[in-house]
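Per this note's numbering, the sequence shown starts with residue 170, numbered consecutively. Virtual Cβ for every residue (Gly too), placed ideally from N, Cα, C. Take a look at the structure below.
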Amino acid sequence: GSLDEQLTIFLHISRCNGILLLRHQGQLGTACTDTWGFPEAAVVCRELDCGAPLGAPKEVPGPEIMAQPWLHGLTCQGNESSIQECALGAWGPRPCPHDWVPAVMCMGGLEVVIKLVGGRSPCAGVPGLQHSNQTLTSCDPQSLEAGTVLCKELGCGSMLQAPSPLPETEGPRKGQQFVGCEGSEPTVLNCKIDWANFKEGWCELSVPTGHMEARLVGGEHSCAGRLEVRRGLTWGTVCDADLDLASAHVVCRELQCGAAVSTPQGAHFGQGPGLVWAEAFRCAGNESLLFHCPREPGHRCGHGQDAGLRCSGEFRLVNGSSACEGRVELQVQGAWAPLCAAHWDLADATVLCHQLDCGNAVATPPGGHFGGGASAPWPDEVHCVGTEPYLWSCAVSTLGAPACGPGDAAAAVCSGLPDALRLRDGQSRCDGRVEVSLDGVWGRVLDEAWDLRGAAVVCRQLGCGAAERAYEAAAPARGAVPLGLSRVRCAGTEPRLTRCNVSAAALVSAGASRDAGVVCSGSLQVRLAAGPGRCAGRVELLHAGEWGTVCDDGWDLRDAQVVCRQLGCGHALGAPGAAHFGAGAGRIWMDELACEGHEAALWRCPSRGWGRHDCGHKEDAGALCSESVALRLRGGAGPCAGWLDVFHNGTWGAVCSNALKDASLSIICQQLGCGERGWLENRPGHTSLGTSWVDNIQCRRLRSSTLWQCPSAPWHPHSCTRGEEVWITCAGTATQDSGEALNCSLMGSCPEEGELRVRGGEDRCSGRVELWHAGSWGTVCDDSWDLADAEVVCRQLGCGRAVDAVAGAAFGPGSGPVWLDEVGCRGSEASLWGCPAQPWGRGDCGHKEDAGVRCAGEQGLQPRCRHAPPVLAGMWLQPTFERSPLPILRVVLLGQHQDLRGPRTDGLPHLPSPGGLCDSLRTGEEWLRKA
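Printed below as a string of structure tokens:
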């Protein structure tokens, strides 16, 4: 036949890409040649009408290529119109000395993109080829030549650091060469490529000389700090004069930290080590990476002028008339979407305005005021007190939240910095020490004769109602704050503090003036303290700048209903009295409340009036709300494997497995203190609880993620069918305290999540601090541990004021996990849970750094018998000379006595055993009352 019938060529993967196959005289085979390159590929692409050649790889065939070498010694000049015009060499089925066969990539085929994957710039990462619509990355420990070719092809200079393989156990083909080059090829597509075994995720990053990335070091969070830039393998700082706002925005965008808020100068975050780069970035502001910004010679400076940067973090305001007003948006994995307006209030806006360096909150317009945004709103419900440093420090409830209505986006209007005020070191957004912003710098307000007229101006400017008290505040506890105003004389009617007769000069001798403090009527707050979370605990009210409790006289479910609604915690499930959540301290603010249940705030209900009562703290009222949540694994051999249950609306229910991915499993296992990874197991025979609470959980990677911050389908008692309940096995193992967690789980008497105790001290009010979390007792690290932290512990224990914050495992080293590190309480929090800290179990401490406390002493009886069993020290009949013919039974319990009148009998009145009483009545005080 003709030559066409004698020789046909085609490519294996697609018409224009793949291994060269030849059919000759009815036999299918591959080519074997030492000289395969662009000339040969050009002829093949031309003959197949596939455009110009992209590459001429030498490909290691997979098992699907069954053809034998057939044509040996093929060479072309590159200008031939057909492969048949080339020097064909010899035909015949004989072995080829190479393990590769010729392949072709033509422009007319699927696009092949060469890039570095997973790095922080186009010049860093794992070598990758996008081939056949799939990005594949390679780890090649023998690819120095391949790296040289790749870096040259990408315009990234020479390679500084080659990819390095992970350990043998993590790379089943460690040492296998996926891309092999001689080093002189014009493109890596001309190198030998093992497509069949080209796999992802087995190596670290390679770094060419052209690589550039940024980081922030030494700040109060990961989105603030000293700006350091890496060029190639070397980190250096930047002169503060060379960092403009446009470049700062690009750095924040690269770090997924929102927008630039401020650029502190003069090594504000400390002096860096190493080099100071003498180049300035000239970004337009819309670049995705600092790598893309133009550069020019910059200033020469020392580390005393290291540039600093604060970014907004995961939140921003958009679509307003300035950067300090607009729609609230949350960034998740580089994408922005609105935050739902549900439960968004002035306290939340106050925190965000401070975080964005935008002054104080002025208003929270209704949802959609600044537009709804292009994306569906996140359903997160934020619950700030108003004193938190950042919005991510506030409590958030997302799990089970209903979908947000279209366009119902939260909005905030901030005052902006000029002449703005803020209150620090208080209990709410409307009380505390006054600070003023002058020329963009926050400063203290000092006055030797501060009075209610000045306080009235402050409260009015902050939208906090009337002034209730003007007081001399303590100086800033942490960090130096510059002087703002040294004298303030107000008539009380001025619209803002700077309109008063003020001076910024240091007019008086040091120590003569004191910081100005205010308590505004808007500072009224309610909280639930010493419980397992923000939706269960002892009821406490902030009034006149001081926290106090509520007496249980007349306390019922209608009163608790008002508290639960006010806190955004659903409806009331219980209204326990008798200090069920522990005896409080300080004032008792209310007694004999008589709410109807529909009031907007607890102080709107009828009562005896502020501070009028005839109670002790043993009668403190509590509340349990339907949104109180907890998490557990049940049915496994240990605490880190089992059916996943969630506590909601007063009952335990299953979690459904639909949509659960690795990110969600990781967050769940970390929250339970069971390592950082987990996996699903198909386990038959779920012991049904009759309820399955939640389905379609899709966790996001946020700064401080827990399961409660994960979007899901709304709460429903029948969220999934039988067989869809999830069994999780976590990679870690929670350390148990003498088997306590396992035993208590079987007996149904575990401590409540977040339970606090002290061990190793002289009494129940001193010792090493321990917390019950995720099924085990653990300790607290002494990093940053101070008297404010100890104050919270002592209050939670019902042990009065803190005397000492003890460090260095002074009460002996504990065992189990170190649950908390870098605790930063203000001293007024309801529990240690409410204090800023590193994520649970993520610190860097050992037990030689266990923190402890010494408290002043007991403030009432320990409420839960299982934690402090009542000690019956004595019981006898007390003679009486009163007219009453009844004897008095004196019972001494925990060092205190109470006289109980009873009927005259030949013996003592019958009293149940302490154990039985504790199980049924829960508190020793109630035992005394009932007896």
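Backbone secondary structure at PRO1078 - three-state DSSP
With a pLDDT of 34 at PRO1078, under the threshold of 50, the modelled position of that residue is not reliable, and the figure given next carries that caveat. Note: PRO1078 maps to coil in three-state DSSP.
>> Measuring straight from C-alpha to C-alpha, what distance separates GLY247 and MET381?
In response: 40 Å
*asked:* Please state whether the Cβ-Cβ distance between SER672 and SER692 is less than 8 Å.
replied: no
Check whether the stretch 683-691 and the stretch 633-651 touch, using three or more Cβ-Cβ pairs below 8 Å as the test.
yes
Legend entry - C-beta atoms of CYS1004 and CYS950 nearer than 8 Å: no
Requested in this report: Please name the residue, chosen from PRO230, THR519, ALA959 and PRO534, that lies closest to GLY528 on a Cα-to-Cα basis.
Outcome: THR519
DSSP bridge partner residues for GLY1119 (one or two, in chain order):
With the chain covering only 170 through 1100, there is no way to say anything about residue 1119.
**Report entry** Cβ neighbours of ARG1023 in the same chain (closer than 6 Å, five flanking residues each side left out)
**Finding:** SER935, VAL972 and ASP973
Going by the DSSP bridge assignment, what does TRP724 pair with across the sheet? Per DSSP, none; premise fails for TRP724.
Worksheet entry | Assigned secondary structure, PHE460 (DSSP; H/G/I helix, E/B strand, else coil) | helix
*If you draw a straight line from the alpha carbon of GLY661 to that of HIS712, how long is it in whole angstroms?*
23 Å
Practice prompt. Specify the secondary structure class of PRO222 as computed by DSSP and reduced to three states.
Written response: strand
Drop a sphere of 10 angstroms on the beta-carbon of GLU960, count the other beta-carbons inside from all chains shown, and report buried for 16 or more, exposed for fewer. buried
* For VAL386 versus LEU525, is the C-beta spacing smaller than 8 Å? -> no
**Per DSSP, cross-strand counterpart(s) of THR820** = HIS817
From GLY967, GLY969 and GLY929, pick the residue whose C-alpha is nearest to that of PHE980; which is it? GLY929
Within a Cβ cutoff of 8 Å, which residues of the same chain sit near GLY703, ignoring the five residues on either side of it in sequence? The sequence given here places Arg at residue 703; Gly does not occur at that position. The answer, listed in chain order, is HIS552, ALA564, ARG696, LEU697, LEU736, CYS738 and GLY1003.
Worksheet item: Should the stretch 578-585 be called in touch with the stretch 593-604, which here means at least 3 C-beta pairs below 8 Å?
Response: no
Which residues in the same chain have their Cβ closer than 7 Å to the Cβ of GLY766, if we skip the five residues on either side of it in sequence?
ARG727, GLN730 and VAL731
Rounded to whole angstroms, how far is the Cβ of CYS809 from the Cβ of LEU800, which I believe are closer than 8 Å? Rounded, the Cβ-Cβ distance is 12 Å, inconsistent with contact.
- Mind pulling the alpha helix (DSSP H) runs of 4 or more residues that sit fully within the stretch 597-654? 621-630
Beta-bridge partners of ARG591, as assigned by DSSP = GLU604
What's the C-alpha gap between VAL627 and ARG665? 7 Å
For CYS1024, the first and last residue of its enclosing beta strand (DSSP E)
1021-1024
Output the boundary residues of the beta strand (DSSP E) element that contains GLU382.
381-387
task: Output yes or no for whether 8 Å exceeds the beta carbon distance between ALA579 and GLY536.
output: yes
- Alpha-carbon spacing of THR356 relative to GLY224, whole angstroms: 7 Å
- Is it buried or exposed for PRO262, if we count other Cβ within 10 angstroms and need 16 for buried? exposed
Check your understanding: Would PRO271 be called buried (16 or more neighbouring beta carbons within 10 Å of its own) or exposed?
Key -> buried
For GLY441, does the count of other Cβ atoms within 10 angstroms reach 16, so buried, or fall short, so exposed? buried
### Task
Would you kindly work out how many angstroms separate the C-alpha atoms of CYS255 and LYS321, rounded to a whole number?
31 Å
Best match in THR718, ASP684, VAL497 and GLY791 for proximity to CYS733 [C-alpha to C-alpha]:
GLY791
Sorted by chain position, which residues of the same chain lie with C-beta nearer than 7 Å to ALA957's C-beta, five sequence neighbours on each side aside? CYS994, ARG995 and GLY996
Tell me whether GLY528 sits in a helix, a strand or coil according to DSSP, three-state version.
coil
Taking the DSSP output, what are the residues bridged to THR199? LEU190 and PRO238
(message) With H, G and I counted as helix, E and B as strand and the rest as coil, what does DSSP make of PRO208?
(response) helix
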